[in-house]
Amino acid sequence: MPEGDSVWKAARSLRAQLVGRTVSRSNFRVPQLATADLSGRQVTAFDSYGKHLLTRFSGDLTLHTHFEMDGAWQVVGPGKALPRSFEDEIRLVLATDGPTAYALRMPVLKLLVTGDEASVVGHLGPDLLGPGWDEDEAVRRLSCSPGRPLIEALLDQRNLAGIGNLWAVETCFLRGHSPWTPVGEVDLRATVQLVRRMMRHSLDHPGQVTTGDTRRGRTHWVYGRAERPCRRCGTPVAFRDSAPNEHYARETWWCDRCQPGPAPSLSERPPRPGLRRGVDEESFGSRTRRLRGGTGLARG
263 MPEGDSVWKA
273 ARSLRAQLVG
283 RTVSRSNFRV
293 PQLATADLSG
303 RQVTAFDSYG
313 KHLLTRFSGD
323 LTLHTHFEMD
333 GAWQVVGPGK
343 ALPRSFEDEI
353 RLVLATDGPT
363 AYALRMPVLK
373 LLVTGDEASV
383 VGHLGPDLLG
393 PGWDEDEAVR
403 RLSCSPGRPL
413 IEALLDQRNL
423 AGIGNLWAVE
433 TCFLRGHSPW
443 TPVGEVDLRA
453 TVQLVRRMMR
463 HSLDHPGQVT
473 TGDTRRGRTH
483 WVYGRAERPC
493 RRCGTPVAFR
503 DSAPNEHYAR
513 ETWWCDRCQP
523 GPAPSLSERP
533 PRPGLRRGVD
543 EESFGSRTRR
553 LRGGTGLARG
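The opening residue of the sequence shown carries number 263 in my numbering; numbering runs sequentially from there.
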């Protein structure tokens, strides 16, 4: 699933290419919007909120999209189109008097009145990358459940919107806490400030780097590095697989020595074969295929 900084970057790229353009043709390929037509409307804005993308059109209309695991946007220049191999992945064609945008594998597409946007993002906590960021409110929300494991509290978008598994895992390492340390034992303000600082740095730099080293395979401290030596102490990086019945029990990496504290509540499982030696963290990046003449706006 994309992190908030990836969605923010997608919004920035879409904004630069499409805002001010008039829709010449739209084709929704999802049953609930099969008859919707955006033709004649002007694209007025692309804004992210956490992991959500809000595309606004003239006439007080908003398209809400969420990338979840596989969604992506692809933009091609005037007179160009996606190769036929993408045909089954297209969920929306948004042709304008300039470029054409395609929503690929997008699991969430919803049209709503712009004034009703709170119905899709109003339940979220403060947006880490938004202009209305409220640090005090984020800290307050996190502190409401002092016994909750830190990793779970960080991933709960109702506390602060935009952080994903990569940033949460790396934050726990950099703060020196086991991911399962109770929130009440953590300096939440310092933790939130660190998350936001790293994510904001990512907005103007390629990739998602937490070590300060942009060389391939050296960008992260523990994320994606199961059984590899900890970059600080040399201890093999521990790994716990995701738990299908626990919403916030994601794949988790940590160093037992650098991050003292509680162990995971579930019995630790061996890494899946693809992760056993610690998948190179670069492979967790964009999977959107690049097209000649097009701009891939990947999940992150």
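Every residue, glycine too, gets a C-beta built ideally from N, C-alpha and C.
Beta-carbon spacing of residue i, residue j below 8 Å
i                 : j             : result
phenylalanine 319 : glutamine 336 : no
tryptophan 515    : alanine 500   : yes
histidine 314     : valine 375    : no
arginine 283      : threonine 358 : yes
threonine 476     : glycine 469   : yes
arginine 480      : threonine 473 : yes
leucine 371       : alanine 365   : yes
leucine 450       : leucine 404   : yes
leucine 566       : alanine 430   : A question about residue 566 goes unanswered here, because the residues of the chain that appear run from 263 up to 562.
valine 454        : glutamate 397 : yes
glycine 387       : threonine 443 : no
Where residue i sits in the DSSP three-state scheme
i                 : result
isoleucine 413    : helix
threonine 306     : strand
proline 293       : helix
tryptophan 442    : coil
leucine 465       : helix
tryptophan 395    : coil
alanine 365       : strand
threonine 284     : strand
leucine 316       : strand
phenylalanine 348 : helix
lysine 271        : helix
leucine 455       : As written in the sequence, residue 455 is glutamine, which differs from the leucine given in the question. Helix.
tryptophan 429    : helix
arginine 502      : strand
valine 382        : helix
arginine 353      : strand
leucine 537       : Here leucine 537 scores only 44 on pLDDT, less than 50, and its place in the model should not be relied on; the value that follows carries that caveat. DSSP places leucine 537 in helix when its eight states are reduced to three.
Buried versus exposed, by CB contacts within 10 Å (16 or more), residue i
i              : result
glycine 426    : buried
alanine 452    : exposed
histidine 482  : buried
valine 484     : buried
serine 301     : exposed
glycine 312    : buried
threonine 497  : exposed
glutamate 349  : exposed
glycine 409    : exposed
alanine 271    : Sequence inspection shows lysine at residue 271; the alanine mentioned does not correspond to that position. Label assigned to lysine 271: buried.
glycine 438    : exposed
proline 533    : Only weak support exists for where proline 533 lies, its pLDDT of 48 falling under 50; the coordinates are left without a value.
aspartate 466  : exposed
proline 361    : buried
aspartate 389  : buried
asparagine 421 : buried
cysteine 492   : buried
Member of the options whose CA lies at the smallest distance from the CA of residue i
i              : options                           : result
tryptophan 395 : Lys342, Arg458, Ala296 and Ala363 : Arg458
histidine 385  : Ser504, Gly392, Ala423 and Val448 : Ala423
glutamate 432  : Glu379, Ile413, Ser407 and Val448 : Ile413
serine 381     : His326, His463 and Gly339         : His326
leucine 354    : Thr297, Ala400 and Met331         : Thr297
arginine 494   : Asp503, Ser286 and Gln521         : Gln521
serine 310     : Gly377, Cys492 and Gly266         : Gly266
glutamate 513  : Phe308, Arg519, Cys492 and Ala488 : Ala488
valine 448     : Gln419, Pro411, Ile352 and Ser464 : Pro411
methionine 460 : Arg287, Cys434 and Gly377         : Cys434
glutamate 351  : Pro340, Ala343, Gly333 and Gly341 : Gly333
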